[in-house]
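So the sequences go chain by chain: A and B. What the first sequence shows, in the numbering used here, is residues 72 to 467, in sequence order. What the second sequence shows, in the numbering used here, is residues 72 to 467, in sequence order.
Protein chains: 2
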Amino acid sequence: MFDFEYYAPTKVEFGKNSLATLPALLREQGAKKVLIHYGGGSAERSGLLDKVRAAVKEAGCEAAELGGVQPNPRLSLVKKGIELCQREGVDFLLAVGGGSVIDSAKAIGYALASGGEVWDFYERKRKPSGCTPVGVVLTLAAAGSEMSNSSVITKESEGGDIKRSCNCEYARPRFAIMDPTLTFTLPPYQTACGCTDILMHTMERYFTSGGNMQLTDALAEGLMRTVIANARVAMAKPDDYSARAEIMWSGSVSHNGLTGCGNGGGDWAVHDIEHELSGLYDVAHGAGLAAIWPSWARYVYKDCLGRFYNFAVHVMGVRPCGTREEVARDGISAFESFLKSIGMPTGLNALGVRPTDGEYKFMAERCAATGGGKKGSAKVLYAADIEAILRMAGDV
Amino acid sequence: MFDFEYYAPTKVEFGKNSLATLPALLREQGAKKVLIHYGGGSAERSGLLDKVRAAVKEAGCEAAELGGVQPNPRLSLVKKGIELCQREGVDFLLAVGGGSVIDSAKAIGYALASGGEVWDFYERKRKPSGCTPVGVVLTLAAAGSEMSNSSVITKESEGGDIKRSCNCEYARPRFAIMDPTLTFTLPPYQTACGCTDILMHTMERYFTSGGNMQLTDALAEGLMRTVIANARVAMAKPDDYSARAEIMWSGSVSHNGLTGCGNGGGDWAVHDIEHELSGLYDVAHGAGLAAIWPSWARYVYKDCLGRFYNFAVHVMGVRPCGTREEVARDGISAFESFLKSIGMPTGLNALGVRPTDGEYKFMAERCAATGGGKKGSAKVLYAADIEAILRMAGDV
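If you want it as structure tokens, here you go:
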């Protein structure tokens, strides 16, 4: 078991009536001028934005607005947001949306509080010295950014877009309003991508050859079982409040740090490989993770057999018959079947991605380079390993 | 499933080397004059207090000190602390100890920030308007006060001491340093009392006829299994780092709110009955809880059968054979056996308490009165019910 820090200060207001708490939360934060940051037109069409505008007004705050955040949020819009906030004197960033909107708000917040070129933080050239406070009205259960210290931004680039993360405690949102009914209208594909992302945030922490903690494992396994069970329900019945609520709260708990305490930081290779993939091809993050995980798992499981065995038995319900390797492999297959059952790709073909030889090499080398030449902890992976995993995924 | 708020902003530094973070944490909090608040002589004898004094100095802070906090911390010492802090201009309260020391610090903090008679907050006559920041160096895994919003204080009184709680979000500690090695020297009885208290913080939230949430239940059940398994290890091998760490982190997670999300607040009747018992007899809190729970459980389980059934199967490992009532009863018996196995009393006789008829009535009526005449949610209990439960416990 490793020493750890746990810090998840976000105040969560969860449930059907949670939006009603927004004025009080903004007052509590001392917000004066709020940027309402959002994505596409659905928040406008559903009437949510009007409710948010009214709540901001009720709190006695002035407002500025910036919509148009895309999935895999772009650096160019972040820069637009920085300029807007500086011009308007914004002192509080209210993200109305899912992970992309929240991550975009965090990036704006870093720049406002820390100055200088914001991309430097994502290239790890500098660390943010602060972040303008961020609050969240969550409309999508997936990224867990509403409680996490993480922000992922994509820089448009002619030689292939670059997707990078900046994890920093300043970026933990001050509050998160979570109303599961706001996710009723999500298309099935987005629901499935979200559930995959949620699962993977705990799986990245769970599959490690580092330390382990019984409590952390029990919490992680309970969370994974809950998401798997309720993903199936929400796919069949999109307005099932209970299933949507289980998934939404799991999304936050999965990425707020709790499911990794004592595990020494986890693995994260699948996330990092996916960042290269979705940087190059702009695929949905959850789908990209699903497309890589089975190949990654089969490539590494022998080096992390105990965890894969436990995952098979405690999460996927595999009967512990046969050798430990057989049980572990059955667990991987069972999870792969689950992914397929919710319509997720389990290889690059189903994702619609067919990299060239050069692209395989490019993604593998760029991924390894962000870790100083290697990635992962369940099994340490070098560029050649990452390329092999990508090619395995390409064969499916 | 009920709407809920979750707010656990305490920064946790966990592990063998966690005390080294104290100077940075104090600087981060902007502390200038620190009250070092502690209990008996063990923190002095072990050298811990000297390390804390050195860290406070290293942080550039001045210090005042107040020791002598007893289990079931007394209002009289709280008042002494308030005077001392006002005289010395203390702006940060550093609790070095377990729940009693932390609760005492919180009470001092309420009074410093809110003014007026501090006992009013515990009698629910007024609400605190703030709390001077509290930090924790934890030496005892039990109360969970290091992350909770709770403080329990005992007022000395000729007609029987009165133990009351004040739960308020201002009181959540800013940071908690948790080094499991500091608990190696705890006597077995205190270890067992602590484990019982930890379990009961989640059990009070789990046994409810209100809403429920699959994720919350899975986390709660995982936590209970972890504590039960590791309590046995720590009793047999007090310096088992892993067991002590599992118990310590479980203690925080069990009472920071996580294991009750969506459950509508939980039951808490056993805690409230125990508060009357330990107010009158000054017994250890964990032992008092153990002495009451089996009688409470047998009195209420039919009204909350689903939860008792799940507890039996998912926590105690009872095989789901026979009727649901039989399985539920087997679960209660199994937990009772566990309590006995770690040396806890499961009735008032083993606790050394033999109330008179008048005392039974007095405790039951005073307990019910604090809830406006009734207590509990698994089954709503009136004074006559509480008296019946206490008498059942008295027969064991």
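For each residue, glycine too, the CB sits at the ideal point set by N, CA and C. This structure is a prediction, so every number in the text was calculated from the model and none was measured.
Please classify residue i as buried or exposed, where buried requires at least 16 neighbouring CB atoms within 10 angstroms.
| i | result |
| --- | --- |
| Ser325/A | buried |
| Pro365/B | buried |
| Pro259/B | exposed |
| Asp310/B | exposed |
| Asn301/A | buried |
| Ser200/A | exposed |
| Lys82/B | buried |
| Arg195/B | exposed |
| Lys446/B | buried |
| Ala305/B | buried |
| Arg276/A | buried |
| Gly331/B | buried |
| Glu396/B | exposed |
| Gly423/A | exposed |
| Thr427/A | exposed |
| Ser147/A | exposed |
| Asp338/B | buried |
| Thr287/A | buried |
| Ser117/A | exposed |
Between the Cα of residue i and the Cα atoms of the options, which residue gives the shortest distance?
| i | options | result |
| --- | --- | --- |
| Gly265/B | Lys104/B, Tyr77/B, Ala214/B | Ala214/B |
| Gln261/B | Lys198/B, Ala134/B, Gly112/B, Ala212/B | Ala212/B |
| Tyr312/B | Asn283/A, Cys156/A, Asp311/A, Arg303/A | Asn283/A |
| His272/A | Ser321/A, Asp232/A, Gly230/A | Ser321/A |
| Leu329/B | Met72/B, Phe73/B, Ala79/B, Pro251/B | Ala79/B |
| Phe406/A | Ala362/A, Gly444/A, Ala440/A | Ala362/A |
| Asn220/A | Asp250/A, Tyr181/A, Thr256/A | Tyr181/A |
| Leu376/A | Val424/A, Asp401/A, Ala355/A, Ala358/A | Asp401/A |
| Val386/A | Ala289/A, Arg425/A, Leu410/A | Ala289/A |
| Asp250/B | Gly168/B, Lys446/B, Cys239/B | Gly168/B |
| Leu97/B | Lys128/B, Lys87/B, Glu115/B, Gly187/B | Lys128/B |
| Gly350/A | Glu227/A, Met274/A, Ala454/A, Arg369/A | Glu227/A |
| Glu240/B | Gly335/B, Phe433/B, Asn327/B, Gly333/B | Asn327/B |
| Val189/A | Gly152/A, Arg158/A, Ala455/A, Pro416/A | Gly152/A |
Pop quiz: residue i and residue j are said to be a contact at Cβ under 8 Å. What is the actual Cβ separation, rounded to whole angstroms?
| i | j | result |
| --- | --- | --- |
| Pro94/B | Ala126/B | 5 Å |
| Leu90/A | His108/A | With 8 Å as the limit, Leu90/A and His108/A do not qualify as a contact, their Cβ atoms being about 16 Å apart. |
| Leu270/A | Met295/A | 6 Å |
| Gln285/A | Glu317/B | 5 Å |
| Glu84/A | Glu76/B | 6 Å |
| Phe73/B | Asn381/B | Phe73/B to Asn381/B, Cβ: 18 Å. No contact. |
| Ile413/A | Ala291/A | Their Cβ separation, rounded to whole angstroms, is 20 Å, which puts Ile413/A and Ala291/A out of contact at 8 Å. |
So what does residue i bridge to, in DSSP terms?
| i | result |
| --- | --- |
| Ile233/B | Lys226/B |
| His346/B | According to DSSP, which records beta bridges pairwise, His346/B is partnered with nothing at all. |
| Ala247/A | Val83/A, Val207/A |
| Ala135/B | Leu106/B |
| Ser221/B | Asn238/B |
| Glu151/B | Looking at the sequence shown, residue 151/B is not Glu but Lys. Lys151/B is not bridged to any residue. |
| Phe163/A | Val105/A |
| Lys446/A | Leu452/A |
| Glu76/B | Glu84/A |
| Gly168/A | Leu209/A |
| Arg369/A | Partner(s): none; Arg369/A has no beta bridge. |
| Arg145/B | Thr225/B |
If you drop the 5 nearest sequence neighbours on each side, which residues of the same chain put their C-beta closer than 7 Å to that of residue i?
| i | result |
| --- | --- |
| Lys177/B | Cys202, Val205, Ser222, Ala242 |
| Asp268/B | Ala213, Ala214, His356, Gly357, Leu360 |
| Phe255/A | Pro309, Asp310, Arg315 |
| Val341/B | Met271, Glu275, Leu360, Ile363, Trp364, Trp367 |
| Phe409/B | Ile299 |
Can you find the residues in the same chain that come closer than 6 Å, C-beta to C-beta, to residue i, ignoring five residues on each side of it along the sequence?
| i | result |
| --- | --- |
| Val207/B | Ala166, Ile173, Glu217, Pro244, Ala247 |
| Ser175/A | Val140, Pro144, Val149 |
| Gly465/A | Leu419 |
| Pro142/A | Ser171 |
| Tyr193/B | Ile224, Arg235, Cys237 |
| Pro391/A | Val384, Val398 |
| Cys438/B | Asp343, Ile344, Glu347, Ile457 |
| Leu253/A | Thr210 |
| Lys450/B | Val371, Asp374 |
Under 8 Å Cβ to Cβ from residue i, same chain only, skipping five residues before and after it: list those, please.
| i | result |
| --- | --- |
| Gly442/A | Asp343 |
| Glu430/A | Leu351 |
| Val161/A | Lys104, Val105, Leu106, Ala135, Leu155, Leu183, Thr203 |
| Thr297/A | Glu317, Ser321 |
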